[in-house]
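Residues -9 to 296 (my numbering) make up the sequence shown, in order. Glycine included, every Cβ here is placed at the ideal spot set by N, Cα and C.
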Amino acid sequence: MNHILSASQFNKGLIYKILLSAKKMETALNKGRVTKKLHDKIVACLFFEPSTRTRLSFETAVLRLGGQVIGMENGSVSSSAFKGESIPDTIKIVHGFADLIVMRHPQNGSAEVAAKTSKVPIINAGDGGNEHPTQSLLDLYTIKQETGRLENLTFTMVGDLLYGRTIHSTLTMLSLYPKNKFIFVAPKQLKLPEKYKAMLKNRKVSFKETENLAEGLKFADVIYMTRVQKERFSSKAEYEKLKLAYVFDAESLKQIKKSAVILHALPRVGEIAEVVDKDPRAAYFRQAQNGLYVRMALLQYALGLM
Ligand code: CP
């Protein structure tokens, strides 16, 4: 079964295959000629945490491919999880109804737990502050579209690198490609976890850490801004102190390369000023749109239809 649980399960060959399929999906959608490969499939979208882009792009992807969707958008309160049902018990029910399960859950490692029980493929749509592998594939698709390559790039990743699951998954994939470098800009409370730094050292990938945004911006080919993840903080006061530690604004635009690309998984809550949106280097809304094409490809991969 092709579960999609972690960025670490992807090698360059598989990433290439998925990005190529996503490009075909984009072209087919633009021409109005999508093959209904999921015509006999039901996909369950189980969301125990809020989502706009991930849930709706997965659901749109299923519908565009001719499949049908069941699910929950507010599972922590609207499903029997509210009464205390465990993840394995929920999966034991849903895998009897659906051909594939897309799940977002606040618990780190929840997708692995679900996959251990499931008789159908599980796609991790975000497990706590751990990983978000499908976001990373759409990030790579966007980087390739915007820069023409996935190697020999300097990435400046900014903000909540501790809880930012997108960062964990995306840097895991990007560090597979030669000559990529990383600059991590974060307050000391939100630094990248040690295990990712150990992975980079093991792969002999160059990186540096700084608290100075300007230092990170000037060398970047790709700037990846993040939201400080309010929902992971136990102290509201600590969140308030850190939430706007870094803001990318009109001044920041003057500091970056003419060829730079600005990404953000979204939603943003102040860390990119709206004035930045009209700059052609701001790619974050194109990035979100690419999620549809990449998830159309991933559904087919997970179901063995690619
Ligand atoms: N990027 C992302 O995961 O957005 P949502 O939380 O809206 O799904």
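Exercise. Flag this pair as yes or no: are the beta carbons of D129 and L253 separated by less than 8 Å?
Key: yes
Exercise. Could you tell me whether the Cβ atoms of L16 and R94 are closer together than 8 Å?
Key: First, the residue type needs correcting, since residue 16 is Glu and not Leu in the sequence shown. The answer is no: Cβ separation not under 8 Å.
Self-check item: Collapsed DSSP secondary structure at K27 in the structure displayed
Solution: coil
Quiz item: Name the DSSP bridge partner or partners of M93?
Solution: L36, N114
Quiz item: In terms of residue numbering, what span does the alpha helix (DSSP H) encompassing S126 cover?
Solution: 123 to 137
Practice problem: Can you tell me which of the three DSSP states V266 falls into? | Solution: helix
Quiz item: Under the DSSP definition of a beta bridge, which residues are partnered with H254?
Solution: M215
Exercise. Sort L164, Q179, R45 by Cα distance to S196 and report the nearest one.
Key: L164
Exercise. Determine which residues share a DSSP beta bridge with F172 and list them.
Key: F145, F197
Quiz prompt | Distance, E75 Cα to S68 Cα | solution = 12 Å
Practice problem: For G294, collect the residues of the same chain with a Cβ closer than 7 Å to its Cβ; drop the 5 residues on either side in sequence, then sort them by chain order. | Solution: N(-8)
Self-check item: Three-state class that DSSP yields for A(-3) in the structure shown
Solution: helix
Quiz prompt | Any non-hydrogen atom of the ligand CP closer than 7 Å to T44 Cβ | solution = yes
Self-check item: S159 burial status per 10 Å Cβ neighbour count (16 or more: buried)
Solution: buried
Self-check item: Identity of the residues DSSP links to G61 by a beta bridge
Solution: C35
Practice problem: Tell me where the alpha helix (DSSP H) around V52 begins and ends. | Solution: 43 to 54
Practice problem: Look at the alpha carbon of K31 and the alpha carbon of Q(-1), and state the distance between them as a whole number of angstroms. | Solution: 25 Å
Quiz prompt | Cβ of I60 within 8 Å of any chain B Cβ | solution = The chain inventory of the structure shown lacks chain B, comprising one protein chain alone.
Quiz item: Which class does A273 belong to by DSSP, given the choice of helix, strand or coil?
Solution: coil
Quiz item: Which partner residues of F302 appear in the DSSP bridge assignment?
Solution: Here the chain covers residues -9 to 296 and nothing more, so residue 302 does not appear.
Quiz item: DSSP on I246, reduced to helix/strand/coil?
Solution: coil
Self-check item: Cβ distance (whole Å) where V218 is taken to contact G149 below 8 Å
Solution: 6 Å
Quiz item: Between the region 112 to 127 and the region 257 to 273, are three or more C-beta pairs nearer than 8 Å?
Solution: no
Quiz item: Between which two residues does the alpha helix (DSSP H) containing P78 stretch?
Solution: 77 to 84
Self-check item: Proximity below 8 Å, CB of I246 to CB of A204
Solution: no
Exercise. Following the continuous alpha helix (DSSP H) through R155, name the residue where it begins and the one where it ends.
Key: 155 to 164
Exercise. Could you pull the start and end residues of the alpha helix (DSSP H) that N192 belongs to?
Key: 184 to 192
Quiz item: Helix or strand or just coil, what does DSSP make of F72?
Solution: helix
Quiz item: Between which two residues does the alpha helix (DSSP H) harbouring M15 extend?
Solution: 2 to 21
Quiz item: Nearest-angstrom Cα distance between S108 and T216?
Solution: 32 Å
Quiz item: Which one of A273, F174, C35 has the shortest CA to CA distance from H85?
Solution: C35
Quiz item: Going by the C-beta, is G116 closer than 7 Å to any heavy atom of the ligand CP?
Solution: yes
Practice problem: Compute the minimum distance between the beta carbon of A101 and the heavy atoms of the ligand CP, and state whether it is under 7 Å. | Solution: no
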